[in-house]
Amino acid sequence: MAEQTFDHCPNCGNERNARFCPNCGQNDRNYLRSLFPVLWEIVREAFEIDGRLFKSLRLLLTRPGELSVEFSENRRAQYMSPIRMYLFVSILFFFTLSLHTEIAPMDHSEAIGAEAHAGVVLDDDNIELFKTLLSVENREKVDRIVASEDGFARIMLIATANEFADAPEESRNIDEMDRFLVGQFIEVLDSPEAALDKLMDNLPIALFLLLPVYAVLLQFFYLGSGRFYVEHLIFGVYLHTLSFLLFTLQMVLPDGITAISTVSSFLPLVFLVYYFLALKRYYGQSGVVTTLKFVGLLISYSIMLIPCLLLVMAATFWLL
Numbered sequence: 005m006a007e008q009t010f011d012h013c014p015n016c017g018n019e020r021n022a023r024f025c026p027n028c029g030q031n032d033r034n035y036l037r038s039l040f041p042v043l044w045e046i047v048r049e050a051f052e053i054d055g056r057l058f059k060s061l062r063l064l065l066t067r068p069g070e071l072s073v074e075f076s077e078n079r080r081a082q083y084m085s086p087i088r089m090y091l092f093v094s095i096l097f098f099f100t101l102s103l104h105t106e107i108a109p110m111d112h113s114e115a116i117g118a119e120a121h122a123g124v125v126l127d128d129d130n131i132e133l134f135k136t137l138l139s140v141e142n143r144e145k146v147d148r149i150v151a152s153e154d155g156f157a158r159i160m161l162i163a164t165a166n167e168f169a170d171a172p173e174e175s176r177n178i179d180e181m182d183r184f185l186v187g188q189f190i191e192v193l194d195s196p197e198a199a200l201d202k203l204m205d206n207l208p209i210a211l212f213l214l215l216p217v218y219a220v221l222l223q224f225f226y227l228g229s230g231r232f233y234v235e236h237l238i239f240g241v242y243l244h245t246l247s248f249l250l251f252t253l254q255m256v257l258p259d260g261i262t263a264i265s266t267v268s269s270f271l272p273l274v275f276l277v278y279y280f281l282a283l284k285r286y287y288g289q290s291g292v293v294t295t296l297k298f299v300g301l302l303i304s305y306s307i308m309l310i311p312c313l314l315l316v317m318a319a320t321f322w323l324l
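Convert by adding 4 to the 1-based position in the sequence shown; the result is the number in the numbering used here.
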């Protein structure tokens, strides 16, 4: 933003000869400009997009663990805030992921072949019996699914309806909770793209909430290291930021070019090597000890991550 030409603060009227008013602290930015410069300034302020971002990214990418060392040494002013950098990169990652995640419907011939292979046969009577479980709105969705060419949704619906019809009559009396779950199931089959979009909306929140738990793991594995919990947390923030960067790069690299495909396939290995080097640099332990803790952290985090993802999927299903 261009500096204002007057010498007094518009907010308090005090004389000002620097970027910030010494009396009230208001800066010299002027938002009475055309739209795009103002929008850029808002984004720049929100994420501190200036020289600090590029300096932070350069250090993050080229020297594993060094940004965490700088934070612990209280040298922070020259770098972007770790939380802001995490948010900026994670938004970029999940936006890219949303562009690369889609549900490709089967064509009509594939749908017929899939139904035959799965051994499901459409029975109108079974469908009508199954619809007695549902609200009027969900009955209409069932009709849409049956009439659609989405092979997977049709197979799932027909198989479920046939199983319900084949069940003993006394077991067909289901409670309100079961009716709700069946309704959610129909919602997913009818609008899989909407369900996927909601899942993509919930994943960033879940992974962000997982960061403090990962920091607890680090604190457990590095008891006696002399580092505070917040230091473990910042290490985790930087590590997750790096993983988002690498996997964003993996998604945007074009397919079909052998050299690029080879580079892309090695990026997960690059992350693992980076992870090991970052642990060794930041915590300063021997290669053998770091290797043991590295493997332990990978296993522990995987055990923690899988139920977390399942919980996100369940919550998304519940809240559709």
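C-beta atoms are modelled at their ideal positions from N, C-alpha and C, and glycine is treated no differently.
Cβ-Cβ distance between residue i and residue j below 7 Å
i      : j      : result
ILE209 : PRO86  : no
PHE3   : THR252 : Residue 3 lies beyond the stretch modelled for the chain, which goes from 5 to 324, so this question has no answer here.
GLN188 : LEU302 : no
TYR286 : SER229 : no
ILE131 : ALA163 : no
VAL93  : PHE248 : yes
TYR90  : ARG56  : no
LEU215 : GLY240 : yes
LEU161 : LEU133 : no
ARG20  : CYS13  : yes
SER265 : GLN254 : no
Residue i - containing alpha helix (DSSP H), residue span
i      : result
ASP194 : 180-194
GLN254 : 233-256
THR66  : 55-66
GLU174 : That residue, GLU174, is in no alpha helix (DSSP H); it is neither H nor E in DSSP.
Nearest to residue i (by Cα), restricted to the options the options
i      : options                           : result
THR294 : TRP322, PHE248, MET308 and LEU222 : LEU222
PHE99  : ILE310, LEU57, TYR242 and LEU203  : LEU203
TYR279 : GLY300, GLY69, SER60 and LEU63    : GLY69
ASP259 : GLN188, GLU77 and HIS104          : HIS104
ILE190 : GLU144, VAL256, GLN30 and PHE168  : GLU144
PHE232 : VAL146, ALA282, PHE75 and ALA22   : PHE75
LYS284 : PHE225, GLU173 and PHE24          : PHE225
LEU101 : LEU250, PHE58 and ASN177          : LEU250
LEU2   : LEU281, PRO14 and ILE162          : Absent from the structure is residue 2, since the part of the chain shown begins at 5 and ends at 324.
GLU197 : VAL125, ALA157 and PRO216         : ALA157
ASP201 : PHE134, PRO14, MET317 and CYS25   : MET317
LEU137 : VAL125, GLU173, ILE178 and ALA171 : ILE178
ARG148 : GLU180, SER195 and VAL186         : SER195
ASP129 : GLY155, ASN142, GLU167 and SER152 : GLU167
Per-residue DSSP class, three states only, for residue i
i      : result
GLU197 : helix
GLU77  : coil
ARG20  : coil
CYS13  : coil
CYS28  : coil
SER94  : helix
THR136 : coil
4-residue-minimum alpha helix (DSSP H) runs that sit fully inside the region 262-324, ordered along the chain = 262-287 and 291-323
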